[in-house]
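Residue numbers (my numbering): 1 to 181.
Have a look at the structure below before the remarks.
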């Protein structure tokens, strides 16, 4: 009798556990779809320039004349960047090696000119701080970019494997487990 009651009790608890309604979770695509960075907050070019100038003023402790000069430099940089992005969006084909060389050469020339302007505008200590900040941002970007490439490569391999596995092409290969960090 005790065994019967215990069995019925376990069965009832098991059924109620499975009978509970699941909360609806959004589909993976819906969860991953986020607005692009530039769509989240749309600042005008002037607002972006002001924010960048204020950030640099705080980081480098700029005086009034330096702020004025940096404001001009930032505005010019952003105008060039916007023009470059607009120009690239208009072209659908990949650039040829000559075009790529020309673009990179032009970019490096602009970086050299920017560095010289910054040396004239900033004190030696401020310039060193600016260089260190630039280097830090570049390293962070590289880390993020490498991580994104690794994620995409790993995801692509898993998708290809699952397709092949589901179509019966690879039957004796164990499924890879994703690493967690």
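All residues carry an ideal CB built from backbone N, CA and C; glycine is no exception.
Classified as buried, residue 49 has 16 or more neighbouring CB atoms from the shown chains inside 10 Å of its CB. Of the other Cβ atoms in all chains shown, 16 or more fall within 10 Å of the Cβ of residue 121; this residue is therefore buried. In the three-state DSSP reduction, residue 61 falls in the coil class, being neither helix nor strand. Spatial neighbours of residue 74 in its own chain (CB-CB distance under 8 Å, excluding positions within 5 residues in sequence) are listed in chain order as 49, 52, 53 and 56.
In the DSSP annotation of this structure, the continuous segment of the alpha helix (DSSP H) that includes residue 108 starts and ends at 97-121. A contact between stretches requires three or more CB pairs, one per stretch, nearer than 8 Å, and the region 118-138 meets this requirement with the region 62-74.
Taking each of 139, 150, 131 and 135 in turn and checking the Cα distance to residue 60, the smallest one comes out for 131.
A residue is called buried when at least 16 other Cβ atoms come within 10 angstroms of its Cβ; residue 126 meets this threshold and is buried. The DSSP-derived three-state label of residue 89 is helix. DSSP places residue 56 in the helix class (H, G or I) of the three-state scheme.
In this structure, the straight-line span from the alpha carbon of residue 149 to that of residue 4 is close to 58 Å. For the pair residue 78 and residue 45, the CB atoms are nearer than the 8 Å cut-off. Separation of the CB atoms of residue 95 and residue 103 is rounded to 7 Å, and the pair is thereby assigned contact status at 8 Å. The DSSP-derived three-state label of residue 94 is coil.
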